[in-house]
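Trainee:
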Amino acid sequence: MDGRPVSPATPASEGGSRPNWKLAEPINALTQGIVASGFGHLPFGRALLLDFVWEDAAEDGAKGGTKGGSWLHALDAEVEITHGAPMEKGSRAAILAFTWTGLKRMRLDDRALASFSRPFREGMFQEDRLRRLGDRRTDYWLDTVIGGGPRWSGNVPLRNPSQQDPEWVSATSVPHLHKEQDIRTPLTVHALLLLYTGTEAEAEAWSGRVKALLRGVGVETVRELDLHLDIEKQGGFSREHFGFADALSQPIPYGLPIPEDESGLVTLAGVPAQRDPIQGVPLGEILLGYQNGYSEPAPGPLVSQSHDDGPDKGKEDARVVAAGLEPHPLAEGFADLGINGSYLVVRELKQDVAMFWNSFDANAAQLKAKDPSIGPVDAEWLAERAVGRDLDGHLLRPGGGVLPARPDGTPDSDFLFRERDPKGLGCPLGSHVRRSFPRDGLAPDPSRDSRDTLLQSANNHRVLRRGRKYGEKIADKRVDDGADRGLLFMCLNTDIERQFEFTQQTWLLNTTFSTLYGESDPLVGPSGHFTIPQEPLRRRVPVQTYVQFSGGEYFFLPSMPALAYLRQL
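If you want it as structure tokens, here you go:
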């Protein structure tokens, strides 16, 4: 026995097999399906990045042009957005999310636009955010970005859209010491449409029909990515292009019982989910409108329940009623546009598979040349330490070997670091696994209180990943075939700054993470070096830039009622 707590989500009586969590009624039918499902039964798909190029309709309703939500009505002929309560697993699924500029283009009113979170309003390409994400420094792109800069974004306007007076400074904003740059990309994306199917042929045919239909209503597909999820039966996981098992450790939501009783909103094996001692996060970390890790409702956008201007000023807005939007519990006169929705972070990450393996080949040869007694060190041995798991997803342990699999054969992710591997002699301190979710590994002392506090703190920065790889599998992982392949990283969170941006800046790219100095994440960070702790002396291995940012943005994933409201704009 290794002394770890047994998670309520994985009781020993069930052989260690983890059941999938589900959203309970009625909120399951109010969310889009991607919240509670990665659609593992639909291994193929397309990501369509959409630009609204239509000519605006006249304000008085005269013929000509397009109204903001009319394209969604046209989309109904080919696509039904999937909700989270299907009677059975369907043969296809679809998900829809919007950028801030997309919602503005659809004519969502200014007050509603201003009620979204600041990161969403500013967009991923705001100068300070690009710096935090490790993409740009002042006037140049870093080597973690493709040559020439990213291809696409929402191209959000430079100034905070909710700030009407350019001279006004709030308590949370300060003047820039230099004039902030208006950073743009060649392609503008207003919405993301995700299509999931059972076969590649179905994905190709469906996306073709959808693109043709949208073109007729002024919506252009400016970029299309083919998505793949080849789940292996033995391990129950899919491999990313470098060859490693992916997306193994995910937060498990549960409903907080106080101050509002949300304990029955998430179920496991048909009963209300209890807090998982390692992976558990409150539902409000994933869904807007519910209690988050600070026992506060995760704030989301709102819309007025009555018309603000025009001939119907002061009258009830029939669109709000027809869509089924709930009154906002804290804002009288407003409806809750955010509840049961989330923020979807999307980053297109290009992977250089040949460089990855060739560089570790060279590093292994160099280590052996310097120290012939080093033992069986090869490229795979080094790559596994950069990741922190072996190729099949099992955690590296001190003294060699890996953490045993669960009884059902899947990799075990219910582990802690501070007690079992405090020095990183198994899973290195700076490995991708430890940086992306440190668990209790940053606890300053080995006491139970210290470890529990740091684990809880780490879980306050979790994101729910829903990404998939794009591009064809490389034929020879050491020969560059010039093809474009990588990961379409997607994750759900309710606080972009505290969750996604914190993880990127404070964990993955932090050059002083844990006890380290002058190095970043060896998998997704810039060129540099990577430390492998050993006794009596550590080893430092050069690493290159293996992953490059090609485009991305912050999206709003609306609930089904919110989507119904947007259709009426």
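Counting from 1, position 68 in the sequence shown corresponds to residue 65 in this note's numbering; the numbering is continuous, with no gaps.
For glycine and all other residues, C-beta sits at the position ideal for the given N, C-alpha and C.
Less than 8 Å between the CB atoms is what I'm expecting for Asp567 and Leu400, so what's the real figure, rounded?
Mentor: Since the first residue shown for the chain is -2 and the last is 566, residue 567 is missing from the structure and cannot be characterised.
Trainee: Would you kindly report the start and end of the unbroken beta strand (DSSP E) that includes Trp18?
Mentor: Here the beta strand (DSSP E) through Trp18 covers 18 to 20.
Trainee: For the segment 404 to 479, which segments carrying the alpha helix (DSSP H) assignment without a break, of at least 4 residues, lie completely within its bounds, in sequence order?
Mentor: Counting only runs of 4 or more, we get 429 to 433, 445 to 456.
Trainee: Quick check on the burial criterion: 16 or more other C-beta atoms within 10 angstroms. Buried or exposed for Asp223?
Mentor: Its Cβ being crowded by 16 or more others within 10 Å, Asp223 is buried.
Trainee: For the alpha helix (DSSP H) that contains Gln363, what are its first and last residues?
Mentor: Where Gln363 is concerned, the enclosing alpha helix (DSSP H) stretches over 350 to 367.
Trainee: Tell me the rounded alpha-carbon separation between Thr98 and Tyr467.
Mentor: Going by the C-alpha atoms only, they are around 25 Å apart.
Trainee: On a Cα-Cα basis, can you pick out the residue from Ala559, Tyr551, Gln565, Ser556 that is closest to Arg118?
Mentor: Checked all of Ala559, Tyr551, Gln565, Ser556; the closest Cα to Arg118 is Tyr551.
Trainee: My output table needs one value for Gly58: the three-state DSSP class, helix, strand or coil.
Mentor: Note on Gly58: pLDDT 44, under 50, position unreliable in the model; no value is reported.
Trainee: Classify Trp51 as helix, strand or coil using the three-state DSSP reduction.
Mentor: Reduced to three states, the DSSP call for Trp51 is coil.
Trainee: What residue range is occupied by the uninterrupted beta strand (DSSP E) comprising His225?
Mentor: First-last of the beta strand (DSSP E) with His225: 216 to 225.
Trainee: Considering only DSSP beta bridges, list what Glu197 is partnered with.
Mentor: None, per the DSSP bridge assignment.
Trainee: Can you tell me whether Asn17 is buried or exposed, with buried defined as 16 or more other CB within 10 angstroms of its CB?
Mentor: Asn17 is exposed by the Cβ-count criterion.
Trainee: Secondary structure at Ser556, three-state DSSP: helix, strand or coil?
Mentor: Reduced to three states, the DSSP call for Ser556 is coil.
Trainee: Quick check: the Cα distance between Glu282 and Ile24, rounded to an integer number of angstroms?
Mentor: Whole-angstrom Cα-Cα distance: 15 Å.
Trainee: Please tell me whether Ser81 and Ala33 are closer than 9 Å, where the distance is taken between their beta carbons.
Mentor: Note that residue 81 is Gly in the sequence shown here, rather than Ser. Going by C-beta atoms, Gly81 is nearer than 9 Å to Ala33.
Trainee: What's the gap between the Cα of Ala472 and the Cα of Gly252?
Mentor: Going by the C-alpha atoms only, they are around 46 Å apart.
Trainee: Compare the beta carbon distance of Ser150 and Gly131 with 9 Å and say whether it is the shorter of the two.
Mentor: Not a contact, by the Cβ cut-off of 9 Å.
Trainee: In chain order, what residues of the same chain have a beta carbon less than 8 Å from the beta carbon of Gly385, not counting five sequence neighbours either side?
Mentor: Cβ neighbours of Gly385 beyond the five flanking positions: Leu392, Leu393, Cys424, Pro425, Ser428, His429, Val430, Arg431.
Trainee: Closest by CA to Asp418, which one among Gly396, Pro404, Phe434?
Mentor: The shortest Cα separation from Asp418 among Gly396, Pro404, Phe434 belongs to Gly396.
Trainee: On a Cα-Cα basis, can you pick out the residue from Lys208, Ala188, Pro441, Asp306 that is closest to Lys101?
Mentor: For the residues Lys208, Ala188, Pro441, Asp306, the minimum Cα distance to Lys101 belongs to Ala188.
Trainee: Do Glu201 and Arg403 come within 9 Å of each other at the CB atom, strictly closer than that value?
Mentor: No, the Cβ-Cβ distance between Arg403 and Glu201 is not below 9 Å.
Trainee: Given that a residue counts as buried once 16 or more other Cβ atoms are within 10 Å of its Cβ, and exposed if not, what is Glu293?
Mentor: When all chains shown are included, Glu293 counts as exposed.
Trainee: Reducing DSSP to helix, strand and coil, say where Ala111 ends up.
Mentor: Of the three classes helix, strand and coil, the one that applies to Ala111 here is helix, per DSSP.
Trainee: For Pro116, does the three-state DSSP call read helix, strand or coil?
Mentor: Of the three classes helix, strand and coil, the one that applies to Pro116 here is helix, per DSSP.
Trainee: Would you call the CB atoms of Gln29 and Thr79 closer than 9 Å?
Mentor: Contact flag set, yes.
Trainee: Check whether the Cβ atoms of Arg220 and Leu39 lie closer than 9 Å to each other.
Mentor: Their beta carbons are not under 9 Å apart, which means Arg220 does not touch Leu39 by this criterion.
Trainee: On the three-state DSSP scale, how would you describe Pro158?
Mentor: Because Pro158 carries a pLDDT of 48, less than 50, the predicted location of this residue cannot be relied on, and the following value inherits that uncertainty. Note: Pro158 maps to coil in three-state DSSP.
Trainee: Could you give the DSSP three-state label for Pro163: helix, strand or coil?
Mentor: A caution first: Pro163 carries a pLDDT of 47, below 50, which makes its placement in the model too unreliable to give a value.
Trainee: Among residues of its own chain, excluding the 5 on either side of Leu139, which ones have a beta-carbon nearer than 8 Å to its beta-carbon?
Mentor: Only Gly131, Asp132, Arg133, Pro523 meet the Cβ criterion.
Trainee: Are three or more beta carbon pairs between the segment 309 to 325 and the segment 366 to 377 nearer than 8 Å?
Mentor: No, because fewer than three Cβ pairs between the segment 309 to 325 and the segment 366 to 377 fall closer than 8 Å, the two stretches do not touch.
Trainee: Please work out which residues of its chain come closer than 6 Å, Cβ to Cβ, to Leu563, disregarding the five sequence neighbours upstream and downstream, and give them in chain order.
Mentor: Within the same chain, Leu563 has close Cβ partners Gly66.
Trainee: Tell me Val342's beta-bridge partners as DSSP assigns them.
Mentor: In the DSSP output, where bridge partners are listed per residue, Val342 has Cys488, Tyr551.
Trainee: Quick one: any contact between the segment 240 to 258 and the segment 198 to 217, if contact means 3 or more CB pairs under 8 Å?
Mentor: With the cut-off at 8 Å, the segment 240 to 258 and the segment 198 to 217 do not touch.
Trainee: Taking only the alpha-carbon atoms, compute the straight-line gap between Lys64 and Cys488 and give it to the nearest angstrom.
Mentor: Roughly 30 Å separates the two Cα atoms.
Trainee: Can you list, in chain order, the residues of its chain with a C-beta nearer than 6 Å to that of Lys208? Leave out the 5 residues immediately preceding and following it.
Mentor: So the qualifying residues of the chain are Thr218.
Trainee: What is the C-beta distance between Leu93 and Leu155, in whole angstroms, given that I count them as a contact (C-beta under 8 Å)?
Mentor: With 8 Å as the limit, Leu93 and Leu155 do not qualify as a contact, their Cβ atoms being about 27 Å apart.
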